[in-house]
Amino acid sequence: MPVQIGIIDQDPIRLVTPLLDDRAVSRHMIFIGVANQRPMFEKLEVVLAKRDIKSEFFEIPNVSNTAKIKSCVMELAKRLKEEGDTIKFNASCGLRHRLLSVYEVVRSLIGQSLSWNLIQID
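In the numbering used here, the protein residues as written are 6 to 127.
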């Protein structure tokens, strides 16, 4: 079953909207964010739990250094690949430096350019 990942920002509803569609096949969402975004994650977790969708918070450092962010996200990506999960990246949210860091990790794993907000890694 696909795992969806996305970056929390001020309007994270864009991350959960695809999951709330009855046609969605993802039953697991990983929210990427910094420590002070955990309360927002907890609110989103409650909403998704009502639809039997598992939520997880993956903390990244609150820095502008993209190398540190990429290193941290690479750990998540490797874990998901080892678990054999299909990864869908929702690129509709996130601060630019965080979004680009995650995008680069995702792109490096699939070896092609991305053209959609929701992409899949096989």
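Here a beta-carbon is modelled for each residue, glycine too, at the ideal position from N, C-alpha and C.
| Candidates Ser106, Asp27, Pro23, Arg28: which alpha carbon is nearest aspartate 34's? | It should be noted that the sequence gives methionine, not aspartate, for residue 34. Comparing Cα positions, the closest option is Pro23.
| field | Contact between the region 79 to 95 and the region 39 to 58 (3+ Cβ pairs under 8 Å) | value | no
| field | glutamine 15 versus glutamate 88 - alpha carbon distance | value | 30 Å
| message | Within 8 Å, do at least three Cβ pairs link the region 57 to 75 to the region 30 to 44? | response | yes
| request: Put tryptophan 121 into one of helix, strand or coil per three-state DSSP. | output: Bear in mind that the predicted position of tryptophan 121 carries a pLDDT of just 40, short of 50, making it too unreliable to give a figure here.
| aspartate 27 to glycine 11 span [Cα, whole Å] | 19 Å
| query | Got a sec, what are the start and stop residues for the alpha helix (DSSP H) glutamate 47 sits in? | reply | 43 to 54
| said: Would isoleucine 13 and cysteine 98 be called neighbours here (beta carbons separated by less than 8 Å)? | reply: yes
| request: Could you spell out where the beta strand (DSSP E) holding isoleucine 74 opens and where it closes? | output: It is not in any beta strand (DSSP E) - isoleucine 74 instead sits in the alpha helix (DSSP H) that spans 71 to 87.
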